[in-house]
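Chains as they are written, first to last, in the UniProt record's numbering: chain F, 1 to 416; chain P, 1 to 416; chain L, 1 to 416; chain V, 1 to 416.
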């Protein structure tokens, strides 16, 4: 048992922390002022291009791509693949999670990371060349169109959108929403998931397909951008998108029709580590902000840190974050050593615990900040909204708890 | 002991519920579409004027003004004063709290209600004529400028803004923020609170004054509008406002210099009943929405209501709301029967419990709604933000808990 | 709406509080020292007889019997029936709940109260004369045998014990446990519930009977006394009792064979008010003890009350108790005014909330007392065990939450 | 980073699990029936001697003694010292914690382990020969007398007992309580802590001494045995002990007068790992029992596992236990690698989190078991009492949270 990071991880941690302190954190205010300057904030603040260039130069680019994914890249000329294990990447995701703008700086932001992983693992040479290359280089952005407004997406078999193969074309129809990143000016492609086999008696995990859809394909329409607690989360945004008789060559289907579920499953393990570590990073930053405020802000003649239960809140936040981090690191290590399937309970556990811990800690930080905490002068409100969504995105808490209980009870049911 | 509402209250409850169902709830969508139509949503959606006219006509206007405040109105010609007790008004506030737009419809929205109460109780005949009349008639809106960015306003003695009497003028300086309603196009006047006695050794509750400041007075500047979780809460909004050498006649001071604290205290009791009952109304509506969704939305072959712990969540929400409501009603009854001072613990208790219950229940409703819950298609996200702010506005939870504990421990300390 | 107790209730409250302060609280230590004196603590400490005599003389006897139950007493000569409403008795139950020994002093302890109510409502003249009279006079004690070890008693239809009518006899077989009070030296009779109709297709609420069983009937055997967290709860105790071919005349059946469920239902409403108010009394005493300790005990140079989050704990305890009390009082008032059936949700709500609040507050009081809190020098450990059992007795929390949710969702399901 | 146990640890884990399954778990019922057979259960059930002999033979003896403590043993002939690191011993402590009787079987029970560690680290050759040898061989038991009834022992500087050096004697006076294990028939010696320097201005961590006191020394008197929730926890028990002019040679003082605090500190780190891992073992067993019950017990036609929120409870228990275990293992690893001082926050964190998690999980297991859960037919009630005490023993939660917050805030305070 060894709780120290590997020397590879530690070296990246150091470099990333330095880069964050020197470049990213100071750029946050610039970024948001550039973003909000015009009437329509769906722009890429110029400072982002600078940061990306610096990160590339510093070798802090595409850090998320796991070691074993290297060999699966068909396309020639993919450079900048570092090949960290999940356990090594996890602390880097946490550091990036401390700033809202950081993940994109390092080309490590969702949903592009998940989409790139899908293309690395399942993409054809042609798909990789057309879409993976510009995604890896950071030229374009992408979105993932899975969730639908009219059905409970927590149960993926509810999906209603269709991707029907007609001759050498695939025809897409349906409405998706909460397609994150689709508002970004550089978003050029989405991965669309839909039913290819309409027979309700067909094996339920062989009925869906994933299709690469260029944003400018006729029939694709962003109906509206959705808000989260009133915030549109620009310039990425969350869109409601309709697909009306969208026709694409069958070569747009990833890995062939009927493999949508298989791909979705493969996408989950590492993606959850990323999400969880980022949100732990946010919680850690919230705790840091809370502590700074608590020692400086004075009421009734004492710093807030010395009033009432505030020190208990700080202690409990520390305990909760430490525990969530250790569990997430263990889940990452299990993915690396025994695989996603054997780590299913742990992966579900972190998906419950990390966003809930973050929501709690950030809420308490807001409380210590008072009204300033809900406004835009600190990153707390945005962090809070993000942690809150994460309790729904990629499966609500309830679905994960249900999975954990199912796995926990299995041996006892089997021995009845 | 009798838990039934008085016949007066019951009659208003019935009329108000009918009015809400017939006019207000159906107008919500219209209101928001009118509000968001233009580039700059700081407008009064036309439907609001219609609703207000109807409410006036229906005799559902200014319901908040308590019975014993009647006699204090110096100015002649004040009509439409109904004179309900706090216990009778409380259930009406709850009903209004079910819709974001309702309180204004009935001229019962904060901070105008608090400002009107101040003017009724402490305003001169001239002040009442100039400001109370148009506020009571709903022609103008007002704001309350107390909280400051640079000090912990939970401890009111921290206040830094000044209201210095110089001859027959009072001169205001300072920066205030979270001045709710100041963005409203009809906001014409604010009540500003500041230090009039700069001697730190003066009795600390006799140093402040409240001053009526017309919005167009030179030196008053809205520096920016603040957001709550990214939402600007238009058309009311929360402003950061600077006061730079703002000069007004001394007759603008309410009740005379040095009485600011006394007035602030008097403002608190009924206002907290209003806030708490409204937020309980929001919690009740969230529970209703959650139940409707839970019986209709299907996942894994069952309505959400029948899955996992959802029925426990619904049961716990019901229990929590019932209890918070009873406690708030009791506090209202105590204000009516034994007065604010004897009800201090109860008033502090409801200020802790009602917003926390609402935050919890609304959060759970959001969870049942999934992604739809954080967006703008349901009132849940806005309700959530409002409940969250209420844990800070008018004193954070911590200050109220501290007060409750102080009162609880007093007899034991005294008998040491 | 009126939160003041009726003058009748207030007069009893005053008298009961005086009696408690003068006689009961000072007798607690005496009682326990008399109880634990011998090797076998299944005795009635002599001080109890004195206290009972005084209570009778003071007219504080059988206070629990509700007003509307008077007329149902067939038997002549029942004296000492006071006839309070549930709302009037509730605060008296709370006061008694402050001391472990108090309920028996006033002949108001479970399960005798429930058994007496059953006999008042459903007992024949003969049954009333034989059992109700000596129970009302406090000469004998009784037990209630419903829960069984081998099945989940939360679902009463699981019951396995039988009460088969054979000619003019009824024959009982089965094993019951957690029969509270059966260890008491004065326990002379139990009410046994069992299946009389073995046909599984018979209407499931018409299959059971309740039978009065003298303790000395052949075939009745106390197999063992059960402990609660290691405590045997003498001299009442909780027994495991076997019934083996116990034969009794059919006149021992209460209200006739097949009416067991109906009687059980009727027993529930007021009994839950009693349980809940008593446990609220315990919580209130725990808070009082906690406050006293917190202002006196010093650590790190300060009274515990001024350290860390202790004042928050006290404030939250106060809030929780106030709310649980108000909800229970409302449920009592509803039973009085609209009946048990219309108050079903409220009755279930208090059964969840009151014991949980008590468990939480007592646990926190224990924490403030340190090791002394878990020992026998304060009443806290016994109170804790009692609150904990109450989350199981008379239906576990889960069953009540399920009922509340069912009632809450009913209108929404009906309108689908 | 590596979450796998070392091969040494894994080998002991396997052997210990086998031994537990084969010998300890089956002996639990025997042990308790032997214990409760007589009138006075302060006996050692004969089965314990058998189990100890087997454990010794299996090389599963004194596993707790950490590697670096070997060299400090002055006395010759100490055998059976295994020398595991804290990280390697931790999973073994967890396994032992699954059974109430297991720790003694392996000579790894508190407070003997802590006392042995003190003697290994600080004992003179003579002290080691006289007391450490028979403790290591399991011939005798010991107790630790620190907590006092009249002062808050959470603040150790409150201590009132005295250990005054008079010539070549040390004279002890004072009253101690919650001296665990002092009721055991084999308890021969206690470590007593008292003030040697009565000058209140002396350095507060140099005023106390620890003294080895044979139980049969004149002036030592067990005043009474204390109960925990009504249970006396035989045959160990918790005693209130008076020391009245107890005279011993100065050679009885451990490491010399004035070093009591230093020794107490050194005792803490590993001891907390032991306590926490044992209580996690109890929580894990409670979860196992809860799952077994939940799949077997049927109500309303379904196993409890499929009813309401029970699966959520199971999932949350799994998450909480995993996290508490990881944090405790990390703290153990830190003690091994960076030392107790650098691990102070983590050691305090586990002391808060592990007993609280255990208390929660065991309480929920009790709820699933219904009335059976609070009785003596399952180990749950005893486990619960033990977890509850652990929130007080060795410093209440509050003191540890305060330490965590202090360490967390330190860098921010320093940079003010």
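Beta carbons: idealized from backbone N, C-alpha and C, even for Gly.
### Query
Of all the residues that make up the segment 153-187 of chain P, which are near chain F by a beta-carbon distance shorter than 9 Å?
153, 154, 155, 157, 158, 177 and 178
### Task
Compare the C-beta of residue 363 of chain P with all C-beta atoms of chain V and state if any pair is closer than 9 Å.
It does not: the Cβ of residue 363 of chain P has no partner Cβ on chain V nearer than 9 Å.
### Message
Any beta carbon from chain P within less than 9 Å of residue 310 of chain F's own beta carbon?
### Response
yes
### Message
So for residue 304 of chain L, helix, strand or coil by DSSP?
### Response
helix
### Residue ranges of each alpha helix (DSSP H) within the segment 255-326 of chain P, 4 or longer
For the segment 255-326 of chain P, whole alpha helix (DSSP H) runs of length 4 or above, ordered along the chain, are 260-296.
### Query
Of all the CB atoms in chain F, is at least one closer than 9 Å to the CB of residue 298 of chain V?
no
### Query
Name the chain L residues whose beta carbon is nearer than 7 Å to that of residue 322 of chain P?
327 and 349
### Query
What did DSSP end up calling residue 238 of chain L once you bin it into helix, strand or coil?
strand
### Query
Three-state secondary structure (DSSP) at residue 355 of chain P?
helix
### Query
In chain V, which residues lie with their C-beta within 7 Å of the C-beta of residue 422 of chain F?
Absent from the model: residue 422 of chain F. The displayed extent of chain F is 1 to 416, so no value can be given.
### Inter-residue CB distance, residue 99 of chain P and residue 22 of chain P (contact presumed, cutoff 8 Å)
13 Å between Cβ atoms; not a contact.
### Task
Can you say whether residue 40 of chain L is buried or exposed, counting buried as having 16 or more other CB atoms within 10 angstroms of its CB?
exposed
### Task
Kindly indicate the opening and closing residues of the beta strand (DSSP E) around residue 162 of chain F.
162-166
#### Entry: Members of the segment 221-239 of chain F near chain P, C-beta cut-off 7 Å
The segment 221-239 of chain F vs chain P, Cβ under 7 Å: 226, 227, 228, 229, 230 and 231.
### Query
Taking the alpha carbon of residue 244 of chain P as the point to measure from, which residue in P:274, P:176, P:291 and P:200 has its own alpha carbon closest?
P:176
### Query
Within this structure, are the beta carbons of residue 401 of chain V and residue 348 of chain V separated by less than 9 Å?
Yes, the Cβ-Cβ distance between residue 401 of chain V and residue 348 of chain V is below 9 Å.
### Message
Within 10 Å of its beta-carbon, does residue 239 of chain P have 16 or more other beta-carbons around it, so buried, or fewer, so exposed?
### Response
buried
### Message
If contact is defined by three or more beta carbon pairs under 8 Å, each pair taking one atom from either stretch, is the segment 183-194 of chain V in contact with the segment 140-149 of chain V?
### Response
Counting Cβ pairs under 8 Å, three or more are found: they touch.
#### Entry: chain L contact for residue 408 of chain V (CB, 9 Å cutoff)
no
### Message
Can you give me the C-alpha to C-alpha distance between residue 199 of chain F and residue 162 of chain F, rounded to a whole angstrom?
### Response
A straight-line Cα-Cα distance of about 12 Å links residue 199 of chain F and residue 162 of chain F.
### Query
What residues in its chain sit with their C-beta under 8 Å from that of residue 258 of chain F, if we drop five residues either side in the sequence?
These residues qualify, in order along the chain: 196, 197, 206, 207, 208 and 209.
### Query
Mind checking if residue 346 of chain F is an interface residue toward chain P, Cβ cutoff 9 Å exclusive?
no
### CB contact check: residue 398 of chain V to chain L, cutoff 9 Å
yes
### Task
Pull up the distance between the alpha-carbon of residue 5 of chain V and that of residue 108 of chain F, whole angstroms please.
For residue 5 of chain V and residue 108 of chain F, the distance between alpha carbons rounds to 32 Å.
### Task
Using a Cβ-Cβ cut-off of less than 7 Å, list which residues of the segment 267-288 of chain F approach chain V; keep chain order.
Listed in sequence order: no entries.
### Query
Do you know offhand how far residue 225 of chain V's Cα is from residue 227 of chain L's?
19 Å
### Query
Run through DSSP, which three-state label would residue 3 of chain P get?
The answer is coil: DSSP assigns residue 3 of chain P none of H, G, I, E or B.
### For residue 174 of chain V, the residue or residues it bridges with in DSSP
Within the DSSP bridge table, the entry for residue 174 of chain V names V:243 as partners.
### Residues of the segment 370-396 of chain P whose Cβ lies closer than 9 Å to any Cβ of chain F, in chain order
370, 371, 372, 373, 374, 375, 376, 377, 381, 382, 384, 385, 388, 389, 391, 392, 393 and 396
### Where residue 45 of chain L sits in the DSSP three-state scheme
coil
### Task
Would you mind reading off the limits of the alpha helix (DSSP H) that contains residue 225 of chain F?
Careful: residue 225 of chain F lies outside any alpha helix (DSSP H), inside the beta strand (DSSP E) at 220-226.
### Message
Please report the straight-line C-alpha distance between residue 97 of chain P and residue 17 of chain L, rounded to a whole angstrom.
### Response
41 Å
### Query
Roughly how many angstroms lie between the CA atoms of residue 120 of chain P and residue 51 of chain F, to the nearest whole one?
58 Å
### Message
For a contact defined as C-beta to C-beta under 9 Å, what are the partners of residue 318 of chain L on chain P?
### Response
345, 349, 404, 405, 407 and 408
### Message
Is the beta carbon of residue 92 of chain V closer than 9 Å to that of residue 135 of chain V?
### Response
no
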